[in-house]
Amino acid sequence: MLRRRIKSLIGLDIGSRTIKAVELTREGHGFVMTGYGQTEVVSEDQRPDAILEVLRENSFHTKRVVTSVYGKSVIVRYLSMTRMPEEDLRNAIRYEADKYIPFDVEDVVMDSQALPDDHLSEMSENEMRVLLVAVKRSLIEDHVSLLNGLGLQPTVIDVDSFAVGNAFELARGGAFYEEDADRAIALLDIGANKTNINIFYGGASYFTREVYLAGDDLTHAISKRIGLDLEAAEARKRDPGDHPEEVMEAVMPSFDDLANEVLLSFDYFENQFDREVEEVYLSGGGARMAGIEEALERTLNRPCHRWDPTEGIEIHEGTVDSELVQYNAGQLAVAIGLAARVQEL
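First residue of the sequence shown? That's 21 in my numbering, and the numbers climb one at a time after it.
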């Protein structure tokens with residue numbers, strides 16, 4: 021009798037502060053979380069050991085991983101191009117790439133995708149909207165070398181902001197976009213040292229940007245203002261106890277800077293497409309700050325909600341600590357979005 025091949029992937033989120041690994045296994049039309057672990061990163065040199073620690077101390081069933089890149093070596097562009105077959109697109113992009121990216125074409129790895137037609141983009145019948153992603157080749161090579169050196173099998177290298185979008189679609193389902201097909205929403209993933217902004221309309225990404233203001237800035241502001249060490253300031257940020265006003269007052273200058281960058285991004289989208297960003301969904305470790313939803317709602321003047329990237333995913337109790345998953349769920353959007361690529365196997 022032939023044994024059914026089990027399809028599993030590990031989504032490995034190599035963050036600046038925390039390594040997070042989520043293994044999803046495809047079962048029927050759904051997903052089961054069959055492995056999970058995370059650990060803090062003390063220094064850049066310690067990162068490979070931290071990844072090994074996560075993988076060794078938790079139960080994973082595969083060595084196939086999907087990971088992601090971010091930073092100034094990653095360029096994302098949304099282009100209008102002459103309509104053409106998919107097989108011709110990559111050659112056309114490569115020929116004209118120097119118009120869109122600030123690096124030599126030979127120094128980057130590029131990928132492109134034609135996006136669905138819509139009524140937001142004012143294009144003729146002979147035009148189409150195209151997503152272009154270019155990543156410095158050295159960054160990809162370093163990433164692959166790190167994973168291979170740890171005995172892992174890199175399957176796909178994605179981009180953080182798109183992984184968050186994948187996780188949101190997995191959690192809320194395509195019905196979410198169908199029911200609100202005429203609304204634009206923003207996903208804000210607030211990490212330790214960066215915030216990903218991704219604006220979606222009808223299930224497609226129309227704008228993405230990284231802002232280098234995030235959770236660490238808020239923690240340092242609390243530390244400086246209240247006179248706490250960084251560990252205590254991080255704890256106070258998440259649980260202000262009897263001093264919520266003191267914490268919010270400490271972070272407001274940094275918080276306002278972040279909110280202003282988000283508003284600039286919203287303004288760009290809204291001016292380009294004449295469509296308001298109506299709602300904001302928050303994830304990431306920085307979104308665990310007490311009171312952040314209410315503060316962002318006041319500053320951005322639109323509803324803001326935390327969301328659970330594990331929503332709709334069955335937890336395998338034999339190998340995964342479900343209570344720990346739920347405690348850290350908001351931080352797992354990137355890892356889950358990466359692991360969700362298992363549906364493409």
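Where is the CB? At the ideal position from N, CA and C, for every residue including glycine.
Chain-order list of residues whose beta-carbon lies under 8 Å from that of residue 330 (same chain, five-residue window excluded): 53, 191, 345, 346, 349, 352, 356
As assigned by DSSP and simplified to three states, the class of residue 232: coil
Residue of 262, 88, 50 minimising C-alpha distance to residue 160: 88
Under 8 Å between C-beta atoms of residue 221 and residue 234: Cβ atoms of residue 221 and residue 234: not closer than 8 Å.
Reference residue 40, options 354, 364, 360, closest by Cα: Of the listed residues, the one whose Cα sits closest to residue 40 is 354.
Cβ-Cβ distance between residue 103 and residue 147 below 8 Å: Their beta carbons are under 8 Å apart, which means residue 103 touches residue 147 by this criterion.
The stretch 79–97 touching the stretch 162–176, judged by at least three CB pairs closer than 8 Å: yes
Where residue 157 falls: helix, strand or coil (DSSP): helix
Residue 302 beta carbon less than 8 Å from that of residue 313: yes
Cβ-based burial, residue 332 [other Cβ within 10 Å; buried from 16]: exposed
Backbone secondary structure at residue 333 - three-state DSSP: coil
Reduced DSSP category for residue 300 - H, G, I as helix; E, B as strand; rest coil: strand
Member of 322, 311, 207, 36 whose CA lies at the smallest distance from the CA of residue 11: Any answer about residue 11 is impossible in this case: the structure gives the chain only from 21 up to 365.
Alpha-carbon spacing of residue 224 relative to residue 339, whole angstroms: The C-alpha of residue 339 is placed about 34 Å away from the C-alpha of residue 224.
Simplified DSSP assignment, three categories, for residue 110: helix
For residue 102: DSSP bridge partner residues: 147
DSSP three-state assignment for residue 325, whether helix, strand or coil: strand
Span of the alpha helix (DSSP H), counted from its first residue to its last, around residue 250: Residues 250–258.
Simplified DSSP state of residue 132, which is helix, strand or coil: strand
CB-CB length for residue 151 against residue 181, believed under 8 Å: Not confirmed; about 11 Å, so no contact.
CB contact flag (residue 359, residue 135, <8 Å): no
Proximity to residue 256 [Cα-Cα], best of 229, 310, 274, 96: Ranking 229, 310, 274, 96 by CA distance to the CA of residue 256 puts 310 first.
Reduced DSSP category for residue 22 - H, G, I as helix; E, B as strand; rest coil: Legend: pLDDT at residue 22 = 41, less than 50; position of this residue unreliable, no value from coordinates given.
Reference residue 288; option with closest CA among 274, 341, 219, 305: 219
Burial state of residue 297 (16 or more Cβ within 10 Å): buried
Beta-carbon separation (whole angstroms), residue 91 vs residue 211, contact threshold 8 Å: That pair is no contact at about 12 Å.
Beta bridge counterpart(s) of residue 43 as assigned by DSSP: 30, 55
Backbone CA spacing between residue 323 and residue 252 [nearest angstrom]: 30 Å
Helix, strand or coil at residue 84 [DSSP, three-state]: In this structure, residue 84 counts as strand in the three-state DSSP scheme.
Residue 110 burial status per 10 Å Cβ neighbour count (16 or more: buried): exposed
Simplified DSSP assignment, three categories, for residue 50: strand
Local conformation of residue 212 per DSSP, three classes: The three-state secondary structure of residue 212, taken from DSSP, is coil.
Residue span of the beta strand (DSSP E) that contains residue 174, given as start and end: Start and end: 173–179.
heavy atom of the ligand GDP below 7 Å from residue 326 C-beta: What this structure holds is no ligand at all, so the ligand GDP is not there to describe.
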